[in-house]
Ligand SMILES: Cc1ncc(C[n+]2csc(CCOP(=O)(O)OP(=O)(O)O)c2C)c(N)n1
Ligand code: SF4
Ligand SMILES: [Mg+2]
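Protein chains in written order, with our numbering: chain H, 46 to 308; chain R, 7 to 72.
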């Protein structure tokens, strides 16, 4: 049996509820590979909201809190303040994090509180049947935009950079090794870390965004239509920007700041 | 290389079949417990052990061993 699965998953709860080829499973294995490599199984606590992507930690044999829609970051900040010795890893979706949970995201960023957030961006509200999310690209037909979405999507990674997050990276499900490394770096980083993963939802957004349902085709599309960002480079247009977008070690962390103030 | 696929967890999504740089896998007639057609490592001896299929399997159904 797969070594990571045996060690970290609740075998009695398998198979997962994810559809065949869903990107959530790939993110799940990248995260447990990172936890395994760092050997921090007893120091980690996972928090998630509601959505397909928020089911990622629920299968893990670790401390996990599955909370309410949009409030993963509120619960995670509370947990971090109560148990600052824990490394808190948050799994959230584009709807959970940018729509209903948008305000919590802004404030967690501005506090630079030591959390690591993995946002699975499948450009849709998948669990509820494929409604438009704030990250749905322009022109895409969804259940709630039958004539094609005419709004500009929110770029989660750029938003958190503006709001003061101090480690920001973006990868796709076709970059599993880099994703694992970024999750490790995010956990090690003292401050707010945000890792966006562009992921496939073959069931709800496969056809409307990529024209096909085949997960392997969508992942090939990710690989061919993305580039790795380096500072000062000429950035190609209409491609997915991947890479570590910000890494700033000089900003004070929230709990450190609070302790300095009230010592 | 020894490749094993877990019938209880495989959902037959076909990612491994398409992603393998050596085309080790092919779709077989065997059904997994999910009810879909499973991949079969037909060219196991050509496997180079990159373990890309293991990493990219969303269900942790693949195990590649030396
Ligand atoms: C307060 C509240 N409002 C709405 C819902 C319905 N709801 C459940 S999941 C979801 C969207 C999830 O989208 P996302 O976070 O992108 O997760 P995905 O399923 O795409 O992974 C919504 C609107 C809810 N459960 N609770
Ligand atoms: S609906 Fe989409 S996001 Fe949800 S499990 Fe299925 S493929 Fe994954
Ligand atoms: Mg979503």
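Quick reminder that beta carbons are idealized off the backbone N, C-alpha and C, glycines included.
In this text the structure is predicted, and so the values were computed from the model without any measurement.
Could you tell me if the beta carbon of residue i falls within a distance shorter than 6 Å of some heavy atom in ligand 3?
i              : result
residue 169(H) : yes
residue 138(H) : yes
Which of the three DSSP states is assigned to residue i in this structure?
i              : result
residue 85(H)  : coil
residue 203(H) : helix
residue 135(H) : strand
residue 239(H) : strand
residue 61(R)  : helix
residue 103(H) : helix
residue 274(H) : coil
residue 146(H) : coil
residue 220(H) : coil
residue 162(H) : strand
residue 93(H)  : strand
residue 230(H) : helix
residue 50(H)  : helix
Please classify residue i as buried or exposed, where buried requires at least 16 neighbouring CB atoms within 10 angstroms.
i              : result
residue 297(H) : exposed
residue 14(R)  : exposed
residue 48(R)  : exposed
residue 249(H) : buried
residue 229(H) : buried
residue 62(H)  : exposed
residue 174(H) : exposed
residue 195(H) : exposed
residue 215(H) : buried
residue 224(H) : buried
residue 266(H) : buried
Got a sec? Which residues, its chain only, sit under 7 Å from residue i by beta carbon, not counting five neighbours each side?
i              : result
residue 203(H) : none
residue 8(R)   : 71
residue 170(H) : 140, 176 and 178
residue 186(H) : 193 and 253
residue 120(H) : 92, 110 and 112
residue 86(H)  : 80 and 107
Using C-beta distances below 8 Å, list every residue in its chain close to residue i, excluding the 5 sequence neighbours before and after it, in chain order.
i              : result
residue 284(H) : 270, 271 and 272
residue 65(H)  : 247 and 260
residue 88(H)  : 130, 131 and 132
residue 211(H) : 157, 234, 236, 237, 238, 291, 292, 293, 294 and 296
Measuring only from the beta carbon, is residue i closer than 6 Å to any heavy atom that is part of ligand 2?
i              : result
residue 249(H) : yes
residue 267(H) : no
residue 69(H)  : yes
residue 63(H)  : yes
residue 246(H) : yes
Verify the contact flag: residue i, CB atom, against every heavy atom of ligand 1, threshold strictly below 6 Å.
i              : result
residue 173(H) : yes
residue 192(H) : no
residue 101(H) : no
residue 123(H) : no
residue 149(H) : no
residue 271(H) : no
residue 96(H)  : yes
residue 141(H) : yes
residue 34(R)  : no
residue 178(H) : yes
Please work out which residues of its chain come closer than 6 Å, Cβ to Cβ, to residue i, disregarding the five sequence neighbours upstream and downstream, and give them in chain order.
i              : result
residue 69(R)  : 10
residue 161(H) : 134, 231, 232 and 238
residue 16(R)  : 38, 44 and 67
residue 263(H) : 245 and 255
residue 76(H)  : 228
residue 19(R)  : none
Inspect the CB distances between the stretch 141-156 of chain H and the stretch 124-131 of chain H and report whether three or more fall short of 8 Å.
-> no
At least three beta-carbon pairs within less than 8 Å, the stretch 132-149 of chain H to the stretch 176-196 of chain H | yes
Counting pairs of Cβ atoms below 8 Å between the stretch 274-284 of chain H and the stretch 92-105 of chain H, do you hit three or more?
-> no
Evaluate contact between the stretch 33-52 of chain R and the stretch 232-243 of chain H, counting only Cβ atoms and requiring at least three cross-stretch pairs below 8 Å.
-> Segments in contact, no.
When the Cβ atoms of the stretch 65-77 of chain H are set against those of the stretch 53-67 of chain R, are three or more pairs found closer than 8 Å?
-> Contact holds: three or more Cβ-Cβ distances are below 8 Å.
Examine the Cβ distances between the stretch 287-305 of chain H and the stretch 24-31 of chain R and report whether three or more of them are shorter than 8 Å.
-> Taking 8 Å as the limit for Cβ pairs, the verdict is that the stretch 24-31 of chain R does not touch the stretch 287-305 of chain H.
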